[in-house]
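Data first, discussion second: the structure below is written as structure tokens.
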Amino acid sequence: MCSNGNPYRLIRTEVLEVTTETPTIKTFRLKPDEEVRFQAGQFIDLTVPGAGEAPFTPSSRASDTAEIAVSVMRVGRVTTQMHALSAGDIVGLRGPYGSAYPLDEFAGREILVVGGGCGFAPLRSLMYSLFDMSGQFKRLFFRGGCRKPGELLYRDEMKSWGEREDLDLLLTVDEGDETWDGRVGLVTAILEDVPMNFTEGVAIVCGPPIMMKFATQKVLAMGFQPESIFLSMEKNMSCGIGKCGHCRLGVYYCCKDGPVFRYSQIHDLPGIWE
Amino acid sequence: MCYFFAEHGFGALLRAAAEKYDIFGPAQREGRGVYTRLSSNGATFDTGPVRTVDPLKAFFFKPRECVADGFSAVPPLSENPPLCVVGVKACDLKGFRIQDFVFAGDEFRDPFYSRARNETLIISSDCTSALDTCFCEAFDDRPYPRGDFDLNLSPVDGGYVVEVGSEKGAALIASCPDVAQEATQGQTETRDRQRDEVSARVRQNLKDYRVPRHDELAGRVERHYDSLIWKDEAATCVECGACNTICPTCHCFFLYDQKNVARMARFRAWDSCLMKGFARVAGGANPRRELSERLRNRFEKKFSFFPKVTGEYACTGCGRCISACPGKIDIRRVMKRLAEHV
Numbered sequence: 001m002c003s004n005g006n007p008y009r010l011i012r013t014e015v016l017e018v019t020t021e022t023p024t025i026k027t028f029r030l031k032p033d034e035e036v037r038f039q040a041g042q043f044i045d046l047t048v049p050g051a052g053e054a055p056f057t058p059s060s061r062a063s064d065t066a067e068i069a070v071s072v073m074r075v076g077r078v079t080t081q082m083h084a085l086s087a088g089d090i091v092g093l094r095g096p097y098g099s100a101y102p103l104d105e106f107a108g109r110e111i112l113v114v115g116g117g118c119g120f121a122p123l124r125s126l127m128y129s130l131f132d133m134s135g136q137f138k139r140l141f142f143r144g145g146c147r148k149p150g151e152l153l154y155r156d157e158m159k160s161w162g163e164r165e166d167l168d169l170l171l172t173v174d175e176g177d178e179t180w181d182g183r184v185g186l187v188t189a190i191l192e193d194v195p196m197n198f199t200e201g202v203a204i205v206c207g208p209p210i211m212m213k214f215a216t217q218k219v220l221a222m223g224f225q226p227e228s229i230f231l232s233m234e235k236n237m238s239c240g241i242g243k244c245g246h247c248r249l250g251v252y253y254c255c256k257d258g259p260v261f262r263y264s265q266i267h268d269l270p271g272i273w274e
Numbered sequence: 001m002c003y004f005f006a007e008h009g010f011g012a013l014l015r016a017a018a019e020k021y022d023i024f025g026p027a028q029r030e031g032r033g034v035y036t037r038l039s040s041n042g043a044t045f046d047t048g049p050v051r052t053v054d055p056l057k058a059f060f061f062k063p064r065e066c067v068a069d070g071f072s073a074v075p076p077l078s079e080n081p082p083l084c085v086v087g088v089k090a091c092d093l094k095g096f097r098i099q100d101f102v103f104a105g106d107e108f109r110d111p112f113y114s115r116a117r118n119e120t121l122i123i124s125s126d127c128t129s130a131l132d133t134c135f136c137e138a139f140d141d142r143p144y145p146r147g148d149f150d151l152n153l154s155p156v157d158g159g160y161v162v163e164v165g166s167e168k169g170a171a172l173i174a175s176c177p178d179v180a181q182e183a184t185q186g187q188t189e190t191r192d193r194q195r196d197e198v199s200a201r202v203r204q205n206l207k208d209y210r211v212p213r214h215d216e217l218a219g220r221v222e223r224h225y226d227s228l229i230w231k232d233e234a235a236t237c238v239e240c241g242a243c244n245t246i247c248p249t250c251h252c253f254f255l256y257d258q259k260n261v262a263r264m265a266r267f268r269a270w271d272s273c274l275m276k277g278f279a280r281v282a283g284g285a286n287p288r289r290e291l292s293e294r295l296r297n298r299f300e301k302k303f304s305f306f307p308k309v310t311g312e313y314a315c316t317g318c319g320r321c322i323s324a325c326p327g328k329i330d331i332r333r334v335m336k337r338l339a340e341h342v
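Heads up: the protein sequence lines correspond to chains A and B, in order. Per our numbering, residue 1 is the first one in the first sequence, and the count goes up by one each step. Per our numbering, residue 1 is the first one in the second sequence, and the count goes up by one each step.
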């Protein structure tokens, strides 16, 4: 969105609420001064004034245009500053930028969503969009994993998802503990027994690069078509508008042509998982 | 039709331009041209024989610029008068084909670049000589401007043959009716002969250094993706970024904030893809950890990415990076190695 002719312009945004999700992830409920309309999969740039800017894919419902939520893992300079924010603080917002999941194309098909760790954040927004079009697709499967139960994002919400009739949900952790009575193992181990027609279906993969790599190889081996596998790629997206050059991925800029790519668009490019 | 301006007449033209524009042109320092603010009388003006040391892009995509001021919706555009840049050479004008694509070619038009492009008056000029490092002809470009100027100057005896490239240029000429003459056939023939001579000199450079032509580079970076070229060439790279800053087509930048929480301001500054952290993400993962990978990225952008997305090689053959590199990394040698069969 090019606000008043300046794509670098920041929209003043108030932090409404900060929720601690895991030891390293907090969710921020944000209220921009102007309505921001995004589609699931697109990202926004958030600024902590004086500290800088970083890209995040909203984890909230795209149709809720008054507020936006992002779940932020504390990994770097800007995210460390973000974790120090509290309700009432002011941040800057640009966007939305990049490509969204082609929801129209998902209609009438069987959908497998594969999430790993912090990848649950953008996927929550996608799942809300899919729930809103419930009945328009054949079946919906969510297979998610993370390292430990304490690192599982939206754990309470996941419980309620488990009770939905329009969703078949299964979660796994690499390493269990006394709070966990579910599956233990890598997410790739709980994909094969999904009861769907892989060659006709849609697979969506989002998570850390190493998980994306193996989950993509897995769904390919299962029979999903490269053009029906959607990946949310992570590169160093800075300007968000295809100019600053940092997030190049072959002939694409991740910020403008992605972050959602079909595997068929990028599978020939060198170093996509690096 | 071409005009002829005698030297004193051209001085009058510059004085007319100075009423509206700040005028910059090449000043010779230690034998090399550097873009410098010219005094409006134009007395010491010289178009310069070859390209300047510094690239033209700095007037449009500035080395450092404030791009957002607080949460204001108004872009913090400069209030300085528009610029007129004189003596611009063809290789710098070619840079516009890449810079325009990046900054003015899509829905996210950059207001700072676009305004400078719209307002600046470009009075370009033919190269009257060639440096040993000049190789524009490898990309089928010529050492004289063929477009993207408002006026172009071809030095001939006693003055300049002037070609009009835009309405803005025509309007400036119209403001000096007393000094503009129609160029004679003899004068335009002199211009054409000089142009051919300089072109031939650049083509001789291609032969002397065995520089491949652009059509020998198609698909070659992909072919050589895992070759030893990159490690060999990176061996002397010191990651100074001079090749990036001096390049007319390099456009990468980083965004950073003024360290003043009470007064938020965002700046944009030239970046270099040779720097270790260029592609690193917040978690620490770095797709181009090795210097050789970053050097490859530079040439991949020039000889693969831009030809694929715009149909243009992002190299103007200006040779600035050859002169600037303390590690003596020579883009012509890289081209030569790319063109070799594997």
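For each residue, glycine too, the CB sits at the ideal point set by N, CA and C.
Asked, Found
"Cβ-Cβ distance between R298 of chain B and C273 of chain B below 9 Å", "yes"
"Same chain only: Cβ atoms within 7 Å of L56 of chain B, ignoring 5 sequence neighbours per side", "V85, V88, D92, G95 and P248"
"Reduced DSSP secondary structure (H/G/I, E/B, other) of L153 of chain A", "coil"
"Inter-stretch contact (C-beta, 8 Å, three-pair minimum) for the segment 203 to 215 of chain B and the segment 331 to 339 of chain B", "yes"
"Short-range partners of chain B found in the segment 110 to 134 of chain A, where Cβ spacing is below 8 Å", "none"
"Three-way DSSP call (helix, strand, coil) for W180 of chain A in this model", "coil"
"Every unbroken alpha helix (DSSP H) inside the segment 126 to 210 of chain B [4 residues or more]", "167 to 174 and 185 to 208"
"Counted within 10 angstroms of its Cβ, other Cβ atoms place S86 of chain A as buried (16 or more) or exposed", "exposed"
"Within 9 Å, strictly: CB atoms of V48 of chain A and V70 of chain A", "no"
"Terminal residues of the alpha helix (DSSP H) in which Y128 of chain A lies", "F120 to D132"
"Which listed residue (A:P270, A:T57 and A:G150) has its alpha carbon closest to that of R223 of chain B", "A:P270"
"Among A:G116, A:D156, A:E105 and A:M127, the one whose alpha carbon lies nearest that of L186 of chain A", "A:G116"
"9 Å Cβ cutoff, P23 of chain A in contact with chain B", "no"
"M73 of chain A at chain B interface by Cβ criterion, 9 Å", "yes"
"Cβ separation of F103 of chain B and S114 of chain B, assumed to be a contact under 8 Å, to the nearest whole Å", "7 Å"
"Counted within 10 angstroms of its Cβ, other Cβ atoms place M127 of chain A as buried (16 or more) or exposed", "buried"
"Beta-carbon contacts of V205 of chain A that lie in its chain and below 6 Å, excluding the five residues immediately before and after", "V114, M212, A215, T216 and L231"
"Where V221 of chain B meets chain A, residues with beta-carbon distance less than 7 Å", "None at all; the shortest Cβ gap to chain A is about 10 Å."
"Backbone CA spacing between C254 of chain A and A242 of chain B [nearest angstrom]", "26 Å"
"Endpoints, alpha helix (DSSP H) assigned at G11 of chain B", "E7 to A18"
"Burial state of K207 of chain B (16 or more Cβ within 10 Å)", "exposed"
"Beta carbon proximity, I241 of chain A to chain B, threshold 9 Å", "yes"
"Own chain residues within Cβ distance below 7 Å of V202 of chain B, not counting five before or after", "A130, C134, F135, C136, E137 and P143"
"Cβ neighbours of N286 of chain B in the same chain (closer than 8 Å, five flanking residues each side left out)", "K276, G277, A279 and R280"
"Supposed close pair T22 of chain A, L153 of chain A - CB separation, criterion 8 Å", "7 Å"
"Whole-angstrom distance between A51 of chain A and L220 of chain A, CA atom to CA atom", "41 Å"
"R193 of chain B burial status per 10 Å Cβ neighbour count (16 or more: buried)", "exposed"
"Own chain partners of S134 of chain A with C-beta closer than 7 Å, once the 5 adjacent residues on each side are dropped", "D166"
"Option nearest G98 of chain A by Cα separation, candidates A:R124, A:L123, A:P55 and A:G92", "A:P55"
"Cβ-Cβ distance between Q42 of chain A and A121 of chain A below 9 Å", "no"
"Cβ contact check for the segment 262 to 272 of chain B and the segment 59 to 69 of chain A: 3 or more pairs under 8 Å", "no"
"Residue-level contact to chain B via CB, G258 of chain A, 9 Å cutoff", "no"
"Which of helix, strand or coil DSSP assigns to A189 of chain A", "helix"
"Beta-carbon proximity of K62 of chain B to F139 of chain B, cut-off 9 Å", "no"
"8 Å contact criterion, which T199 of chain A and G223 of chain A should meet: CB distance rounded", "5 Å"
"Proximal chain B residues relative to A54 of chain A, where beta-carbon distance stays under 7 Å", "A282"
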